[in-house]
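Enquirer: Each residue of the first sequence is one higher than the one before, starting from 1 at the first, in UniProt numbering. I'd like to ask you about the structure that follows.
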Amino acid sequence: MKDQSNIKITLPDGSTREYPQGISGLEIAQSISEGLARNVLAAQVNGEVWDATRAIDTDADVKLLTWNDPEGQATFWHSSAHLLAEALEALYPGVKFGTGPSLEKGFYYDVDLGEHSISQEDFPKIEAKMLELARQKNAYVRQPISKAEAIAFFTEKGDEYKLELIDGLEDGSITLYTQGGFTDLCRGPHVPGTGFIKAAKLTNVAGAYWRNKQENKMLTRIYGITFPKQKELDDYLTLIEEAKRRDHRKLGKELELFTFSEKVGQGLPLWLPKGAMLRERLESFLRKAQLRAGYLPVVTPHIGSKELYVTSGHWDKYGKDSFQPIKTPNVGEEYLLKPMNCPHHCEIYKSSPRSYRDLPLRLAEFGTVYRYEQSGELHGLTRVRGFTQDDAHIFCRPEQVKEEFVRVIDLVLYVFRTLGFNEYSAQISLRDPDDKQKYIGKDEDWEKAESAIIEAAQERGLNTITELGEAAFYGPKLDFMVRDALGRKWQLGTIQVDYQLPQRFELEYVGSDNQKYRPVMIHRAPFGSMERFIAILIENTAGQFPLWLSPDQIAILPISDKYSDYADEVFFALQDSDIRGFVDHRDEKIGRKIRDAEVSKVPFMLIVGEKEQAEGKVSIRRKGEGDLGTMLIAEFAAFFQKEVKIA
RNA sequence: GCCGUUGUAGCUCAGGGGUAGAGCACUUCCUUGGUAAGGAAGAGGUCAGGGGUUCAAAUCCCCUCAACGGCUCCA
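Written out as structure tokens, the structure reads:
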């Protein structure tokens, strides 16, 4: 007969062991190996992450979590947030605490510092305090308490934020955690003790609204990161430094792609010749792909009468936060800078009666739009006030929605693949079921649209995440999200199903039965916006664009001005083969010309001197690789054409 | 929009109550050099803008603008 006090623990490899009831994850680790026990940060018990020291009372699947597990790191960082709080309480008595979660990389704690204030200069002091407390190797002690006790504790402490949090908690589910002299309301879990934290760095301080609501008080959010080893912190900091070097704002300036001018206005990028040419190349790439996919180009003006946006619903939704209407000499006449292309495209649809045979009708336009983004939101090229969408609207019959949607997914994936965007996430953005007033349209239409998206994504085997409340006000969408060099997420490609605008604009087509029907609209933009896409492209490639996009593909470097004429000859010959570049006619030594070409990321350098001139050749040097030997001009042109195609 | 930080030459930055500095870039001259920076000279700034304190402000204070880091927002 089985001993009542024993429980069965199943480990991830499928093996099962018997332990006395009440054993902890840490003790299980000890029974396996000392080394493992030293590294256990938490235990996953039946799928839930627990303190490693928490007693397990029933048979369970247990996975011991270490620094190598994302959940282990999350636990480590959440515990570090408590350590930060402890340090803050020691240094700034009376500080009140909001919440302090772990992040993908690190953690933060939101605090109300009262009279105090904290700046970057205070970081070393706080970090030192954290490490001092860590060296005390205090245990994180879990203590379940009743709601009344919790209220009493935090009333005594005078922390109204914790009281507000307790208010939303259910009696019986409340726990406190204490390490050293610091006690926090927390559901856990935590690492066994502070001693695991060997390196700490506060990264920045920022304001953040309490509970993320704009109408609430702004607290001070202190961001930090910790590691079990100093070296890991050093490596992390090096990585951040490298990421900053890829920042499109920095590279955009260095590579002379774009600039901003206070005089032109905030968030209004000025494209410099190299950037403009890069952008044009991307546009023509997509134009070609869209022509193949059955899109028809249209062009519409940058403004439209206010009535257009009253009809579309955009005026009602965004009017007061937008660029305000442009007035004319005629009283009452008002125009808006267009924030969207869709209303214009709807009017194009209406310009002629449509038959079911005409559908799907795919109208495409690189349409420049203007949105008055909040000043604090502007960010390089990723968030601007004037930008160009690679927009198109597909007008189709209801039964065509899914197929069209799938075809758009294919187009987006083709674009991403061609440009080497392998790290994206596909996000299905649905409406917030608890806040339906934010949206327009009938429930029935929303449900149809949402299921069309979900099915289409499934059909293409996309690995999707679903976000509630992220839909556009007129419909759900499938967004392709990518990260910038510093890990921030941005939406690039987007596909949106819309039943509302066709109704608002009273779009119709005649069916085979000679009855009138309402088409469905799909909004889509594979790049999203040229500005944002190029920003991410710059960061992805660190400014080293694929050969076909590179602003300058070759630099012709004469050894001295004696070979200037030959260099020009080579240049014109290659220009005839559609190869872009320039001749470096400066009075500099070859070493210098090479260095400058390398730094400005020109893919090929063609060095010409006495030898080359005599033989009608060029010496090829590839950026980052070095000397490739000599070729005849025509040989190089052929070689280059092959390279462009591979890229 | 909110909280915080920053704003000095085209760029990167030093300085800091007594009327501005470096490197790179730029211009001119010398140099004609073979695979990642040749040399010299020169030019360039109302120290973001406005107001205040002071005998004196780039420096201290206030306001505005912009950038940066977050928060909120994102058709």
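Cβ coordinates follow ideal geometry from the N, Cα and C atoms, glycine included.
Roughly how far, in whole angstroms, is the beta-carbon of Y140 from the beta-carbon of G193, given that I think they are within contact range, below 8 Å?
Expert: Counting from one through the first sequence, the residue named residue 140 turns up at place 140. Counting from one through the first sequence, the residue named residue 193 turns up at place 193. The C-beta separation of Y140 from G193 comes to about 6 Å, placing the pair in contact by the 8 Å criterion.
Enquirer: Can you have a look at Q389 and say buried or exposed, based on whether 16 or more other CB atoms are within 10 angstroms of its CB?
Expert: Here residue 389 is taken as the residue at index 389 of the first sequence, counted from 1. Buried, because 16 or more other Cβ atoms sit within 10 Å of the Cβ of Q389.
Enquirer: Whose C-alpha, out of I556, D576, G543, is nearest the C-alpha of A243?
Expert: Start at 1 with the first residue of the first sequence, and residue 243 comes out as number 243. Comparing Cα-Cα distances from A243 to each of I556, D576, G543, the minimum goes to G543.
Enquirer: In whole angstroms, what separates the C-alpha of D122 from that of E377?
Expert: As a first step, residue 122 is located in the first sequence; it is residue number 122 there, counting from the start. As a first step, residue 377 is located in the first sequence; it is residue number 377 there, counting from the start. In a straight line, the C-alpha of D122 is about 27 Å away from that of E377.
Enquirer: Using a Cβ distance threshold of 8 Å, determine whether the region 535-549 contacts the region 588-598, with at least three qualifying pairs required.
Expert: no
Enquirer: Could you have a look at D167 and say whether DSSP puts it in helix, strand or coil?
Expert: Taking the first residue of the first sequence as position 1, residue 167 is located at position 167. DSSP places D167 in helix when its eight states are reduced to three.
Enquirer: Work out the CA separation of N6 and G25 for me, nearest whole Å.
Expert: As a working note, residue 25 is residue 25 in the first sequence. As a working note, residue 6 is residue 6 in the first sequence. Rounded to the nearest angstrom, the two C-alpha atoms are 15 Å apart.
Enquirer: I need the straight-line Cα distance from G188 to E256, nearest angstrom please.
Expert: Along the first sequence, read from residue 1 onward, the residue named residue 188 stands at position 188. Along the first sequence, read from residue 1 onward, the residue named residue 256 stands at position 256. Inter-residue distance for G188 and E256 is about 50 Å (C-alpha atoms, whole angstroms).
Enquirer: Of the residues I454, Q230, F640, I303, which one's Cα is nearest the Cα of L430?
Expert: As a first step, residue 430 must be located in the first sequence, where it is residue number 430. Out of I454, Q230, F640, I303, I454 has the C-alpha closest to the C-alpha of L430.
Enquirer: Can we say the region 169-178 touches the region 56-65, given the rule of at least three CB pairs closer than 8 Å?
Expert: no
Enquirer: Please list, in chain order, all residues of the same chain as E104 whose beta carbon is under 8 Å from its beta carbon, the five residues on each side excluded.
Expert: Taking the first sequence and counting its residues from 1, the one referred to as residue 104 is at position 104. Hits under 8 Å: G487.
Enquirer: Could you tell me the distance, in whole angstroms, from the CA atom of N216 to the CA atom of V111?
Expert: Mapped onto the first sequence, residue 216 falls at position 216. Mapped onto the first sequence, residue 111 falls at position 111. Cα-Cα distance, rounded: 13 Å.
Enquirer: Considering only the alpha carbon of each residue, which of C346, F405, G313, S305 lies closest to K327?
Expert: Residue 327 sits at position 327 when you count from the first residue of the first sequence. Out of C346, F405, G313, S305, S305 has the C-alpha closest to the C-alpha of K327.
Enquirer: Assign S173 to one of two classes, buried (16 or more other C-beta atoms within 10 Å of its C-beta) or exposed (fewer than that).
Expert: Along the first sequence, read from residue 1 onward, the residue named residue 173 stands at position 173. Exposed is the call here.
Enquirer: In terms of residues, what are the limits of the alpha helix (DSSP H) holding N151?
Expert: Within the first sequence, the letter at position 151 stands for residue 151. The sequence shown places Ile at residue 151, not Asn. Looking at the DSSP string, the run of the alpha helix (DSSP H) that includes I151 is 147-157.
Enquirer: Quick one, are the C-beta atoms of D184 and H314 less than 8 Å apart?
Expert: Within the first sequence, numbered from 1, the residue matching residue 184 stands at position 184. Within the first sequence, numbered from 1, the residue matching residue 314 stands at position 314. Not closer than 8 Å, so no.
Enquirer: On a Cα-Cα basis, can you pick out the residue from A573, A535, K593 that is closest to F421?
Expert: If you number the first sequence from 1, residue 421 lands on position 421. Nearest C-alpha to F421: A535.
Enquirer: What is the rounded straight-line gap between the Cα of F636 and the Cα of F545?
Expert: By 1-based counting over the first sequence, the position of residue 636 is 636. By 1-based counting over the first sequence, the position of residue 545 is 545. The alpha-carbon atoms of F636 and F545 are separated by roughly 20 Å.
Enquirer: Quick check on DSSP: helix, strand or coil for K338?
Expert: For the purposes of this step, residue 338 is identified with residue 338 of the first sequence, where counting begins at 1. Here DSSP, grouped into helix, strand and coil, assigns K338 to coil.
Enquirer: Which first and last residues belong to the beta strand (DSSP E) in which I440 is found?
Expert: Stepping through the first sequence from its first residue, residue 440 is reached at position 440. First-last for I440: undefined, no H or E at that position.
Enquirer: Leaving out five residues before and five after H345 in sequence, what residues of the same chain have Cβ atoms less than 6 Å from its Cβ?
Expert: Indexing the first sequence from 1 puts residue 345 at position 345. Excluding sequence neighbours, H345 sits near L363, H393.
Enquirer: Just to confirm before moving on: does the CB-CB distance between A426 and T464 stay below 8 Å?
Expert: Reading the first sequence from its first residue, position 426 is the one you call residue 426. Reading the first sequence from its first residue, position 464 is the one you call residue 464. Contact flag set, yes.
Enquirer: For G14, which three-state DSSP category applies?
Expert: Within the first sequence, numbered from 1, the residue matching residue 14 stands at position 14. Looking at G14 - three-state DSSP - the assignment turns out to be coil, as it is neither helix nor strand.
Enquirer: Within 10 Å of its beta-carbon, does V599 have 16 or more other beta-carbons around it, so buried, or fewer, so exposed?
Expert: The count along the first sequence starts at 1 and reaches residue 599 at position 599. The residue is exposed, with fewer than 16 neighbouring Cβ atoms inside 10 Å.
Enquirer: Three or more C-beta pairs under 8 Å: does that hold for the region 442-454 against the region 476-487?
Expert: yes
Enquirer: Taking the C-alpha atoms as reference points, what is the distance between L632 and D247?
Expert: Position 632 of the first sequence, counted from the first residue, corresponds to residue 632. Position 247 of the first sequence, counted from the first residue, corresponds to residue 247. Each residue's alpha carbon lies about 39 Å from the other.
Enquirer: Measuring alpha carbon to alpha carbon, tell me which residue in D484, E365, S352, T494 is nearest V406.
Expert: In the first sequence, counting from the first residue as 1, residue 406 sits at position 406. Looking at the Cα atoms, T494 is the closest of the given residues.
Enquirer: Thinking just about the alpha-carbon of each residue, which of P325, M340, P339 is nearest to the one in E333?
Expert: Position 333 of the first sequence, counting from 1, holds the residue named residue 333. Residue P325 is the option with its Cα nearest to E333.
Enquirer: Return the CA-CA distance between N212 and S119, expressed in angstroms with no decimal places.
Expert: Taking the first residue of the first sequence as 1, we reach residue 212 at position 212. Taking the first residue of the first sequence as 1, we reach residue 119 at position 119. Each residue's Cα considered, the two are about 22 Å apart.
Enquirer: Once the 5 residues before and after W271 are set aside, which same chain residues still bring their CB inside 8 Å of it?
Expert: By one-based count along the first sequence, residue 271 stands at place 271. The residues are L257, F258, R279.
Enquirer: Measure the Cβ-Cβ separation of F97 and Y19 and say whether it is below 8 Å.
Expert: Against the first sequence, residue 97 aligns to sequence position 97. Against the first sequence, residue 19 aligns to sequence position 19. No, Cβ-Cβ distance for F97 and Y19 is not below 8 Å.
Enquirer: Buried or exposed, going by whether 16 or more other CB atoms sit within 10 Å of the CB of E48?
Expert: Counted from its first residue, the first sequence places residue 48 at position 48. It counts as exposed.
Enquirer: Are the beta-carbon atoms of Y372 and D321 separated by less than 8 Å?
Expert: Walking along the first sequence from the start, residue 372 turns up at place 372. Walking along the first sequence from the start, residue 321 turns up at place 321. Cβ atoms of Y372 and D321: closer than 8 Å.
Enquirer: How many angstroms separate the CA atom of Y349 from the CA atom of K338?
Expert: For the purposes of this step, residue 349 is taken as the residue at position 349 of the first sequence. For the purposes of this step, residue 338 is taken as the residue at position 338 of the first sequence. Cα to Cα, Y349 sits roughly 18 Å from K338.
Enquirer: Using 8 Å as the cut-off, can you tell me whether the region 549-563 makes contact with the region 594-610, which would need three or more C-beta pairs spanning the two stretches below that distance?
Expert: yes
Enquirer: Less than 8 Å between the C-beta atoms of G72 and L41, yes or no?
Expert: On the first sequence, residue 72 is found 72 positions in, with the first residue counted as 1. On the first sequence, residue 41 is found 41 positions in, with the first residue counted as 1. Cβ atoms of G72 and L41: closer than 8 Å.
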